[in-house]
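The sequence shown lines up with residues 90 to 504 when you count with our numbering. All C-beta atoms in this analysis are idealised placements derived from N, C-alpha and C, irrespective of residue type, glycine included. What follows is a short report on a single structure.
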Amino acid sequence: MKAKTSGTQHISKKANRCITIVIFIIIANLTLFFSAGCAKKPDNQPRDISSGSETAEQEKNTYNPVFCGFYTNGSSPSSSYSSLEKQWSYIQEISPLWYYVWGDGTIEEEIDQKALELAREKNIRVIPLVALAYNRSSVVLTEPAARQSAVQNIIGIIRENNYDGVNIDIEIVKSSGRDYTPEMNGFTQFIKELSEEMKPLGKRLDVCLVPLVDPPTDAAQIYDYKAVCDLAARAVIMAYDYHRKGTRPGPVAPLPWAEDNIKAALAAGYSPQQLSLGIPGYGYDWPENGTECEVATMKDVSNLIEEKGLSVKWNDDSKTPSLAHANREIWFENDRSIEEKINLVKKYQLAGCSMWRLGYDNDSFWHVIGNESTNKSTIAGQDLPVEETPAEKAEKIHQFNEPGTNGRSVDDGGI
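Encoded structure:
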């Protein structure tokens with residue numbers, strides 16, 4: 090009887106110990122659960138998306154191209170705000186043109202507060218553009234004191250407005266015969282100094298780059314692609330204006346040219362996730378036998394086609410559409426050409442695309458973007474094309490011009 094009582098007491102003590110352990114485990118798990126929930130950042134708080142951050146690394150592992158819309162201020166029906174307000178669900182980022190840098194490093198700002206509030210409400214990243222106030226402001230790149238002043242002013246702007254990053258969009262209209270090596274070195278140093286200041290903030294540094302392969306003839310090539318590669322988290326290849334004001338009519342963003350420039354950037358050392366393909370929401374409308382063209386937005390051209398019942402031609406070399414109307418020639422973008430460009434983004438698994446600009450779009454544009462944004466399938470493991478030889482590239486350079494003409498050259502008196 091004594092032995093039985095002792096055994097029962099032993100079992101009872103063992104059971105109590107097990108119950109205590111189970112209760113402790115439950116309490117510990119609940120504590121971890123609620124602590125994690127409390128520590129989670131609200132969705133509308135900016136994340137650390139700087140190069141090498143945990144968020145950036147996670148995004149590399151799940152391929153889902155990001156759509157960024159360039160934004161300009163205005164209140165017309167074709168304004169950037171109208172597209173942002175209507176199509177926000179397709180937009181992950183905006184890069185608004187709100188800041189201009191002067192030669193002494195001071196920054197002029199033109200913030201659209203309404204757009205900023207809408208973007209924050211919809212959890213859209215805001216990475217504003219910083220551009221030159223005017224062409225001579227490029228002295229900010231070559232004067233160390235002015236350059237450092239600009240860097241500190243940009244950092245102050247990021248802190249004050251809690252932006253997700255900044256996009257440096259410095260473009261210089263080229264003067265004939267001038268050497269732009271000092272500006273190239275200054276631009277690299279500017280990006281280096283800004284990158285060092287931004288890293289502790291956990292903010293993303295983007296740059297807009299003029300294409301390497303066959304760039305617009307009026308654009309100064311001030312970008313050391315290889316040097317900038319190690320400094321910027323994201324680079325937008327501005328693959329548009331192949332034909333433009335001052336040239337003969339032709340495609341604004343021919344697909345083979347865009348692909349050549351993607352491959353050139355990759356060869357310079359950029360990873361696919363560092364690159365965003367710049368795509369146009371516009372084309373140009375040229376007079377017959379003329380070079381002085383006007384902007385033709387996707388929205389305007391689609392309205393014209395519907396109103397006049399015009400026929401559209403498809404150019405299979407450039408993968409872009411065109412039409413003739415009233416002694417004028419229009420090369421533009423439509424849903425088919427945009428889809429070709431999105432497929433190029435997917436082919437190389439780029440970070441995404443950046444469209445100039447919100448407000449130029451039409452409903453068919455967002456139909457393409459909407460279809461792509463719902464397609465979460467990865468194309469990991471796809472073999473990339475073999476890099477073309479310089480001779481093969483040179484053979485392609487003028488393939489979009491009429492035989493016997495220098496269709497892309499700017500005529501005397503042009504830009």
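Beta-carbon proximity of residue i to residue j, cut-off 8 Å
i, j, result
"residue 325", "residue 443", "yes"
"residue 190", "residue 183", "no"
"residue 438", "residue 345", "no"
"residue 224", "residue 261", "yes"
"residue 430", "residue 353", "no"
"residue 298", "residue 366", "no"
"residue 422", "residue 457", "no"
"residue 388", "residue 330", "no"
"residue 164", "residue 448", "no"
Inter-residue Cα distance where the pair is residue i and residue j
i, j, result
"residue 337", "residue 199", "35 Å"
"residue 169", "residue 258", "18 Å"
"residue 355", "residue 222", "31 Å"
"residue 119", "residue 201", "Because the pLDDT of residue 119 is 47, which lies under 50, any placement of that residue in the model is unreliable, and the number read from its coordinates should be weighed accordingly. Each residue's Cα considered, the two are about 45 Å apart."
"residue 408", "residue 218", "29 Å"
"residue 373", "residue 440", "28 Å"
"residue 359", "residue 398", "45 Å"
"residue 245", "residue 280", "16 Å"
"residue 248", "residue 380", "45 Å"
"residue 371", "residue 151", "31 Å"
"residue 460", "residue 155", "13 Å"
"residue 368", "residue 304", "15 Å"
Cutoff 6 Å; reference residue i; Cβ partners in own chain excluding five residues on either side
i, result
"residue 418", "338 and 375"
"residue 277", "313 and 316"
Nearest candidate by alpha-carbon position, reference residue i, set the options
i, options, result
"residue 453", "174, 399, 390 and 396", "390"
"residue 323", "346, 290, 294 and 414", "294"
"residue 393", "314, 413, 382 and 379", "413"
"residue 266", "343, 310 and 395", "310"
"residue 250", "303, 187, 382 and 441", "187"
"residue 231", "192, 350, 297 and 298", "192"
"residue 238", "253, 256 and 194", "194"
Buried/exposed call for residue i, threshold 16 Cβ in 10 Å
i, result
"residue 236", "buried"
"residue 406", "exposed"
"residue 271", "exposed"
"residue 166", "exposed"
"residue 234", "exposed"
"residue 268", "exposed"
"residue 415", "exposed"
"residue 424", "buried"
"residue 227", "buried"
"residue 435", "buried"
"residue 403", "exposed"
Same chain, Cβ closer than 8 Å to residue i, neighbours up to 5 away in sequence not counted
i, result
"residue 357", "301, 314, 315 and 318"
Sequence-distant residues of its chain with Cβ nearer than 7 Å to residue i (five each side left out)
i, result
"residue 161", "169, 186 and 446"
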